[in-house]
Each structure stands twice: as structure tokens, then as C-alpha cells.
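Asker: Pasting a structure here, questions to come.
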């Protein structure tokens with residue numbers, strides 16, 4: 540697997556967007572049908588192309604998270620909402636973020652994103668390093684980028700195995716790809732963190748991730764007196780060593796989801812509401828993520844079925 544800090548500079552950016560202005564970083568989201576433009580959206584005049592549309596929407600109001608560029612009619616619409624489902628996504632012109640002329644398509648862009656679109660793929664990678672990957676279902680591309688705020692890569696596809704109204708979202712710190720393909724409703728849309736945005740809660744590249752081989756945030760063990768943890772990480776006790784602590788994010792830590800699994804550092808109590816998501820019964824290997832401090836499974840072993848992101852016996 541390529542080292543992410545080297546690979547990031549080697550990957551060509553194929554999006555049709557020009558370089559974003561200093562005030563905003565638009566990102567291609569997909570080609571949708573004309574009927575997907577939200578009702579009540581604001582129309583912007585004098586926008587001449589997709590980038591101008593996204594820039595104008597953001598300048599009008601930073602609350603306009605999405606720009607809808609009507610390709611055939613060359614009209615720009617701004618909205619705070621993304622209400623589309625997988626059925627609204629249509630096949631674009633290529634894998635690089637271009638929509639088709641004369642087909643009634645709307646190019647959708649986030650007006651300001653911490654991730655830059657790279658390319659569409661027709662398949663997920665054949666293999667995944669689940670120690671470095673988390674996955675969940677989300678309701679919008681914006682939610683996927685928020686979920687991946689601690690990672691360098693974000694990938695989504697406009698459907699999930701459970702619902703046509705949700706997106707499957709994966710986050711990683713390594714460049715992993717499948718087979719390139721035209722952007723459509725079954726594609727894997729791949730994004731890399733833009734140069735304008737650092738990884739949330741981290742101050743430099745040496746702290747981009749603190750995950751060990753089991754996907755646990757807080758790989759780096761510190762001794763008492765070495766300083767605290769940068770927000771949003773928390774100081775948690777390590778197993779069997781009261782003088783050391785690990786910096787973890789309990790909202791995302793796979794083996795300490797929802798708190799400090801061995802107790803908070805500096806506290807005499809060893810009890811904790813934290814859960815080790817990898818020990819949940821019935822969950823297929825590597826098929827669970829910690830989101831907002833709760834374990835969410837997305838695939839089950841034989842004899843179990845998925846219900847409300849948990850595996851229950853059948």
C-alpha cells in the first residue's frame with residue numbers, strides 16, 4: 540500500500556473544476572437528474588459555469604452548502620439541502636467529474652469542502668486494510684466528509700446495502716482504488732483531503748492519525764507529565780500501566796467506542812461506558828465502525844441478520 544503522504548501528491552486530480560478561490564474549495568458531488576434541484580432553492584444569475592456557480596452560491600451565503608449547475612440551461616441554483624437518493628444519480632460523461640450535455644443533467648457541487656474530488660470507480664478495492672478503514676451509512680456527501688474528518692481519504696457510493704436513501708461512506712489514510720468507471724449511481728466517488736484543509740483536530744502530519752494495527756485511535760502511549768491530548772482526543776488509561784495513557788477519540792475509536800475502555804487517565808475508577816466494537820457477537824470480521832461513540836455494524840456472520848446497525852441471531 541502506498542504511503543499516503545507520498546501518494547497524495549502523485550495522484551492526478553481529474554475534476555473539471557478549476558482551482559478554488561481562497562475563500563472556498565468546491566468539490567464535485569455527482570451528476571443528477573434535473574428534478575433533483577431542491578424546491579425553494581435560490582437562483583443565481585450571471586454564473587457562466589459550474590465553478591462560478593459554486594463560488595457565487597458560497598459568496599451569497601455560506602449556509603448554501605450545495606450548488607446545482609443546470610448543464611443544458613446554464614442556470615445556477617443554491618441550496619442548503621441535499622435531498623437526493625441513489626435514484627437521482629445519473630451516468631455522467633466520464634470518471635473525472637463531467638456531466639453530459641443534452642441529457643437534462645445537473646452537476647452538483649459542495650460549495651466549500653475539506654475534500655477534493657479525484658475520480659470515480661466502478662468497484663470498491665478488492666481488499667481493504669480494515670485496521671486503517673472505517674465505514675458507515677450517511678444521508679449526504681457532506682455527512683460523509685464530516686465522518687471522515689480525521690482521515691485523508693473519503694469514498695462514498697450513492698447507495699447502501701440497507702437503504703436507497705443512504706450513502707455508504709468509507710474513510711482511510713491510504714490510497715486504495717478499484718476499477719475506474721463513469722460516475723453514476725453505483726460508482727465509488729473518491730476524494731482526497733484538499734491542501735487548504737488540515738485533518739481536523741491534528742496539528743501536523745506526525746499526528747494525522749494515531750491508530751494501531753487494530754484500528755484503535757491513540758496508538759502513541761504517553762507517560763505522566765508528557766502533556767495532555769489535543770482536542771478532540773481524550774487521555775485514556777492503558778491496560779496494566781497506571782503511569783501511561785493513550786490519546787483516543789471515543790467518538791471513532793473502534794476498540795474504545797464511547798469512552799475510555801480501561802477508564803479515564805487520572806481517575807481512580809476503571810469503569811467505563813466504552814465498548815470494544817470488535818468483540819460484538821455476530822459481526823463479520825472488519826465489518827463494524829464506531830460513529831459518534833456508538834458501534835455500527837454493516838455486515839453479519841451466517842446465522843445473524845443486520846438490524847439497526849447491530850447483528851442479531853436468526
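Residue numbers (our numbering): 540 to 853. Each residue gets a CB set at the ideal place from its N, CA and C atoms; glycine is no exception.
Using 8 Å as the Cβ pair cut-off and three pairs as the minimum, do the region 580-595 and the region 605-625 touch?
Answerer: In short, these stretches touch, since the Cβ pair count reaches three.
Asker: For residue 762, is the classification buried or exposed, using 16 other Cβ atoms within 10 angstroms of its Cβ as the cut-off for buried?
Answerer: Caution is warranted here: a pLDDT of 42 is assigned to residue 762, below 50, making its placement in the model unreliable, and no coordinate value can be reported.
Asker: Between residue 843 and residue 853, how many whole angstroms is the CB-CB distance? I'm expecting something under 8 Å.
Answerer: Yes, residue 843 and residue 853 are in contact; Cβ-Cβ is about 6 Å, under 8 Å.
Asker: In the DSSP assignment, find the beta strand (DSSP E) that holds residue 852 and state where it starts and stops.
Answerer: Element bounds for residue 852: 849-852.
Asker: Pull up the distance between the alpha-carbon of residue 829 and that of residue 793, whole angstroms please.
Answerer: Whole-angstrom Cα-Cα distance: 5 Å.
Asker: Pick helix, strand or coil for residue 818, following the three-state DSSP scheme.
Answerer: Of the three classes helix, strand and coil, the one that applies to residue 818 here is helix, per DSSP.
Asker: Can you tell me whether residue 584 is buried or exposed? The criterion is at least 16 other CB atoms within 10 Å of its CB, across all chains shown.
Answerer: Answer is exposed; the Cβ neighbour count stays below 16.
Asker: Where does the unbroken beta strand (DSSP E) through residue 843 begin, and where does it stop?
Answerer: Here the beta strand (DSSP E) through residue 843 covers 843-846.
Asker: Using only alpha-carbon positions, find the residue among 626, 567, 568, 651 that is nearest to residue 603.
Answerer: Among 626, 567, 568, 651, the Cα nearest to that of residue 603 is on 651.
Asker: How many Å lie between residue 606 and residue 816 at the Cα?
Answerer: Residue 606 and residue 816: Cα-Cα distance of roughly 38 Å.
Asker: Below 8 Å on the Cβ atoms is my guess for residue 634 versus residue 659; work out the distance and round it to an integer in Å.
Answerer: Contact holds; Cβ gap of about 4 Å.
Asker: Within the 7 Å Cβ cut-off, does residue 848 reach chain B?
Answerer: Absent here is chain B; the protein component of the structure consists of one chain.
Asker: Thinking just about the alpha-carbon of each residue, which of 589, 689, 637, 799 is nearest to the one in residue 653?
Answerer: Answer by Cα proximity: 689.
Asker: Looking at the structure shown, is residue 516 part of a helix, part of a strand, or coil, going by DSSP?
Answerer: The question about residue 516 has no answer, for the chain in this structure spans 540 to 853.
Asker: Rounded to a whole number of angstroms, what is the C-alpha to C-alpha distance between residue 641 and residue 609?
Answerer: Those two C-alpha atoms are separated by around 11 Å.
Asker: For residue 612, does the count of other Cβ atoms within 10 angstroms reach 16, so buried, or fall short, so exposed?
Answerer: Classification of residue 612: exposed, given that the 10 Å Cβ count is below 16.
Asker: Any chance you could list the beta strand (DSSP E) runs of at least 3 consecutive residues sitting entirely within the region 640-678, in chain order?
Answerer: Counting whole runs of 3 or more residues, the region 640-678 contains the beta strand (DSSP E) stretches 644-649, 654-660, 672-677.
Asker: Measure from the alpha carbon of residue 644 to the alpha carbon of each residue in 814, 572, 675, then state which is nearest.
Answerer: Taking only the C-alpha atoms, the option nearest residue 644 is 572.
Asker: Determine the DSSP secondary structure at residue 573, reduced to helix, strand or coil.
Answerer: In this structure, residue 573 counts as helix in the three-state DSSP scheme.
Asker: What residues in its chain sit with their C-beta under 6 Å from that of residue 801, if we drop five residues either side in the sequence?
Answerer: Excluding positions up to five away in sequence, the list reads 776, 778.
Asker: If you compare alpha carbons, which of 576, 574, 625, 567 is closest to residue 590?
Answerer: When only C-alpha atoms are compared, the closest one is 567.
Asker: Skipping 5 residues on each side, what residues in its chain have a beta carbon closer than 6 Å to that of residue 622?
Answerer: 577.
Asker: Can you tell me whether residue 789 is buried or exposed, with buried defined as 16 or more other CB within 10 angstroms of its CB?
Answerer: The residue is buried, with at least 16 neighbouring Cβ atoms inside 10 Å.
Asker: Since residue 732 sits in a beta bridge, which residues does DSSP pair it with?
Answerer: For residue 732, which the question treats as bridged, DSSP gives the partners 654.
Asker: DSSP state of residue 609, grouped into three classes?
Answerer: Strand.
Asker: Taking only three categories from DSSP, how would you classify residue 603?
Answerer: Coil.
Asker: Could you give the distance in angstroms between the alpha-carbon of residue 890 and the alpha-carbon of residue 847?
Answerer: It is not possible to answer for residue 890, since the shown part of the chain is limited to 540 through 853.
Asker: Going by the DSSP bridge assignment, what does residue 836 pair with across the sheet?
Answerer: The partner list for residue 836 (beta bridge, DSSP) reads 827.
Asker: Output the distance between the C-alpha atoms of residue 836 and residue 709, rounded to the nearest integer angstrom.
Answerer: Those two C-alpha atoms are separated by around 13 Å.
Asker: What's the C-alpha gap between residue 592 and residue 586?
Answerer: The alpha-carbon atoms of residue 592 and residue 586 are separated by roughly 5 Å.
Asker: By the DSSP assignment, the alpha helix (DSSP H) with residue 685 in it spans what residues?
Answerer: Per DSSP, residue 685 belongs to the alpha helix (DSSP H) from 680-686.
Asker: Can you pull the DSSP bridge partners for residue 614?
Answerer: Paired residue(s): 609.
Asker: For residue 726, which residues of its own chain have a beta-carbon under 7 Å away from its beta-carbon, when the five flanking residues on both sides are left out?
Answerer: Counting only Cβ-Cβ distances below 7 Å, and skipping sequence neighbours, we find 659, 660, 661, 696, 720.
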